[in-house]
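Trainee: Position one of the sequence shown corresponds to residue 20 (the working numbering), numbered consecutively onward. Ideal Cβ positions, reconstructed from N, Cα and C, are used throughout, including at glycine.
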Amino acid sequence: MIKISKREDIICNNKKINWMYNVVKEVLGGVSMKKIFIGLLILTLFFSGCQINVKNHGNLAKPPNQNVSEDVTPNDIQNEKWRWSFKDNKISSLEDLQLYKSDDGGKTWTQIYIPVDKIPESAYKDAENIVPYFMDNNVWIAWIVPQTLHILKTTDGGLNWDIFKFEIGKYGEAISVLQFVTPEEGWILTTMNGAGMQINYLLKTNDGGKTWENVNITGKKNYDGIYSAANRSNMKFYDKNNGWISISNNLAPDPILFRTTDGGKTWSQIKLSIPKSYKNCYLSSANVPVFTDSKNGKLILEIYGPNKDNKLEKHILVYETIDGGNTWRLRKN
20 MIKISKREDI
30 ICNNKKINWM
40 YNVVKEVLGG
50 VSMKKIFIGL
60 LILTLFFSGC
70 QINVKNHGNL
80 AKPPNQNVSE
90 DVTPNDIQNE
100 KWRWSFKDNK
110 ISSLEDLQLY
120 KSDDGGKTWT
130 QIYIPVDKIP
140 ESAYKDAENI
150 VPYFMDNNVW
160 IAWIVPQTLH
170 ILKTTDGGLN
180 WDIFKFEIGK
190 YGEAISVLQF
200 VTPEEGWILT
210 TMNGAGMQIN
220 YLLKTNDGGK
230 TWENVNITGK
240 KNYDGIYSAA
250 NRSNMKFYDK
260 NNGWISISNN
270 LAPDPILFRT
280 TDGGKTWSQI
290 KLSIPKSYKN
300 CYLSSANVPV
310 FTDSKNGKLI
320 LEIYGPNKDN
330 KLEKHILVYE
340 TIDGGNTWRL
350 RKN
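#1: Is the separation between the beta-carbon of Ser-252 and that of Thr-210 shorter than 9 Å?
#2: Express the C-alpha separation of Trp-286 and Trp-180 in angstroms, rounding to a whole number.
#3: Which value, in whole angstroms, describes the spacing of the CA atoms of Leu-349 and Asn-241?
#4: How many Å lie between Thr-237 and Lys-314 at the Cα?
#5: If you draw a straight line from the C-alpha of Tyr-190 to the C-alpha of Tyr-220, how long is it?
#6: Of all the options Lys-330, Ser-112, Gly-176 and Asn-260, which has the alpha carbon lying nearest to the alpha carbon of Glu-204?
#7: Whose C-alpha, out of Gln-217, Gly-188, Asn-148 and Thr-167, is nearest the C-alpha of Val-196?
#8: What do you reckon, are the CB atoms on Leu-171 and Val-158 nearer than 9 Å?
#9: Tell me the rounded alpha-carbon separation between Gln-130 and Ala-271.
#10: Is the distance from the Cβ of Lys-351 to the Cβ of Pro-308 below 9 Å?
#11: List in chain order: all unbroken beta strand (DSSP E) runs of 3+ residues lying wholly within the segment 247-313.
#12: Excluding five sequence neighbours on each side, which residues of the same chain lie with their C-beta closer than 7 Å to the C-beta of Gly-215?
#13: Using only the alpha-carbon positions, how far apart do Ala-425 and His-169 sit?
#14: Under a three-way DSSP split, which group does Leu-178 fall into?
#15: Who are the near neighbours of Asn-299 in its chain, counting only those whose CB is closer than 7 Å to its CB and skipping five residues on each side?
So this is what it looks like as structure tokens:
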């Protein structure tokens, strides 16, 4: 059994709201003022950029196992400070997201209150997925409701939360990956899905998630996202400068792979030499390279194709680099 007690204080810097509250309080004498005013105040908090201040207490010996859909690529799923899960694997339900924090290296855990009750249901009920990201005491929880990106953010381990929303227009309806490289600089890889087609967009923030801009990955003047016959995409920044984007390919074994070495200012597409024996296969994975240091790394491709009996067969191709990803060679079995 989890026992969590909490103390909530609503702090607002909106002078008009505070003035209205005092005037009405004097008129009504404070009778049932909280019940009358709380509905309007909650909506006003959401749309006026006020801060939700939440105090969390309570210990949990062991958090539930992670329930992560294969369609979501979260970062830092498990570490010594944060863990998270969804009730019944409901990845699109903000109400079912559970956060747990440990301050003793994972020995004991505290469930962190997420201020869902301070957000209008219309702001999250149509989200395709909910994606959190953790960095020390900083937590971002992101989701997209058509044309609007929503961010719940804490910088003090869940004691206080800020709510941001930013109009992104057509640049995504679901989140593939959310990642921050510093408390201020972060990235979101979004997707738009159609009939057998996927469009990926890359968004960047330099102010901790308050505002976002669309990044041109291909460098083309008429850039409007990356179109592909895919159903998976992935992204990983190893530091502020070096990042990778990988997209699956339902038509061929060749990966759609991009990299940056200057913090996303420019991107280059990486081509791999795929053996001709796999020309009738397709790439099901969207793995990004995994590096052991600044020079050495590997990239694993999961490829499916017909065998001699015309049955679908899985193949694993492992590519290696010794120059930081500039060149790749296929590892021989």
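Mentor: Walking through what the data contain:
#1: yes
#2: 34 Å
#3: 34 Å
#4: 25 Å
#5: 6 Å
#6: Asn-260
#7: Asn-148
#8: yes
#9: 45 Å
#10: no
#11: 252-256, 262-266, 275-279 and 287-289
#12: Ala-248
#13: The chain is shown from 20 up to 352; residue 425 falls before or after that span and cannot be answered.
#14: coil
#15: Gly-324 and Pro-325
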